[in-house]
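S.K.: Going by the working numbering, the first residue of the sequence shown is number 9, and it counts up by one from there.
Heads up, the beta-carbon is just placed ideally off N, CA and C, and yes, glycines get one too.
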Amino acid sequence: MVSKNKKFFKIKLLIIVIVLIFILVAGYFVFFNKNPSKSSNTNGERTVIENPVKQIIIKNTDSSGKFNSQAVVLEGVKEFNGDYINYILLALGIGNLDKSAIFGNPKIEFLLDNEAWNSELKDGSLITKPGEIEKKDLRITMSKEEAVKALISSDISQFMKNSVINGRTKIEMIAGKPELYSKGYLKMYNSLKS
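1. Please report the straight-line C-alpha distance between Asn43 and Asn113, rounded to a whole angstrom.
2. If you draw a straight line from the C-alpha of Pro186 to the C-alpha of Lys143, how long is it?
3. Under 8 Å by Cβ, that's how I've got Leu97 and Ile116 pegged, so tell me the actual separation to the nearest angstrom.
4. As a quick exercise: from Ser127, Lys157, Glu123 and Lys18, pick the residue whose alpha carbon is nearest that of Val82.
5. Taking Cβ positions, are Leu105 and Leu134 nearer each other than 7 Å?
6. Nearest to Ile6 by CA position, among Ile29, Ala183, Leu194 and Ile164, is which residue?
7. Identify the residues that DSSP records as bridge partners of Leu146: which are they?
8. I need the straight-line Cα distance from Met181 to Phe16, nearest angstrom please.
9. For the ligand ATP, is there a heavy atom less than 6 Å away from the beta-carbon of Leu100?
10. Quick one: complete beta strand (DSSP E) runs, 3+ long, within the stretch 87-135?
11. What is the C-beta distance between Ile141 and Asn122, in whole angstroms, given that I count them as a contact (C-beta under 8 Å)?
12. Classify Lys74 as helix, strand or coil using the three-state DSSP reduction.
13. From this set, Leu146, Ile102, Arg147 and Leu159, which residue's C-alpha is nearest Asp131's C-alpha?
14. For Lys14, list the residues DSSP reports as bridge partners.
15. Terminal residues of the continuous alpha helix (DSSP H) containing Val156?
16. Should Lys67 go down as buried or exposed, given a rule of 16 or more other Cβ atoms within 10 Å for buried?
17. Leaving out five residues on either side along the sequence, give the residues of the same chain with a beta carbon under 6 Å from the beta carbon of Leu194.
18. Do Glu153 and Arg176 have their C-beta atoms within less than 7 Å of each other?
Right under this line is the structure:
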């Protein structure tokens, strides 16, 4: 009778140890694992991406070097495309986000003048296209005009922070905090909200 209880105790202990190991491994991948294939240049060189409204600014600049911001905003709204979103996201630090071993790629949905756009960071590349996205992490709601104004501002991060504080832009966390943390969002989100 005693040997049966010992055997049951050993099986129970083994199951507990296996579950604990699984929890520790899962916790590591959720909170500490960073994607080694993240796009970064090992030579220390920086990739420079041109502002997508640069040509519109040049076209609306007078001989003294001043540009007509109202004309730039109007034309920028007309020509709005995914490059505008990519540039804003890169300025906000989306390149610092990572794929989560459990939750997958970072995914952001934009609502711009009630038009849905989505961005996904996949294998180090930012893919942005019109439409909604499944299993989004964040939703950013703003007007196209506000997005273009961000692009012509001297500091996009500060402009976006002020836009959030003043209620012109809304950021909604859709995914839970563990998922957002595992992908690296919380630092970006908190920098815009504070």
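M.R.: In brief:
1. Residue confidence is low: Asn43 scores 38 on pLDDT, short of 50, so the model does not pin down where it sits. Its coordinate-derived value is still stated next. Using only the alpha carbons, I get a separation of about 10 Å.
2. So the two alpha carbons sit approximately 14 Å from each other.
3. The C-beta distance from Leu97 to Ile116 rounds to 7 Å, short enough to fall under 8 Å.
4. Going by the sequence as given, residue 82 is Leu instead of Val. The candidate whose alpha carbon is nearest that of Leu82 is Lys157.
5. Not closer than 7 Å, so no.
6. In the structure displayed, the chain extends from 9 to 202; residue 6 sits before or after that span and is not available.
7. The partner list for Leu146 (beta bridge, DSSP) reads Ile116 and Met181.
8. It is roughly 46 Å from the alpha-carbon of Met181 to the alpha-carbon of Phe16.
9. Judged by which ligands are present, the structure shown has none, so any question about the ligand ATP falls away.
10. If one requires a minimum length of 3 residues, the beta strand (DSSP E) runs lying completely within the stretch 87-135 are 115-120 and 123-130, in chain order.
11. With 8 Å as the limit, Ile141 and Asn122 do not qualify as a contact, their Cβ atoms being about 16 Å apart.
12. Note: Lys74 maps to coil in three-state DSSP.
13. The candidate whose alpha carbon is nearest that of Asp131 is Ile102.
14. Beta-bridge pairing links Lys14 to no other residue.
15. Run containing Val156: Lys152 to Ile160, per the alpha helix (DSSP H) assignment.
16. By the 10 Å Cβ count, Lys67 comes out exposed.
17. Its chain contains Leu188 as the residues whose beta carbon lies nearer than 6 Å to that of Leu194, once the 5 sequence neighbours on both sides are disregarded; these appear in chain order.
18. No.
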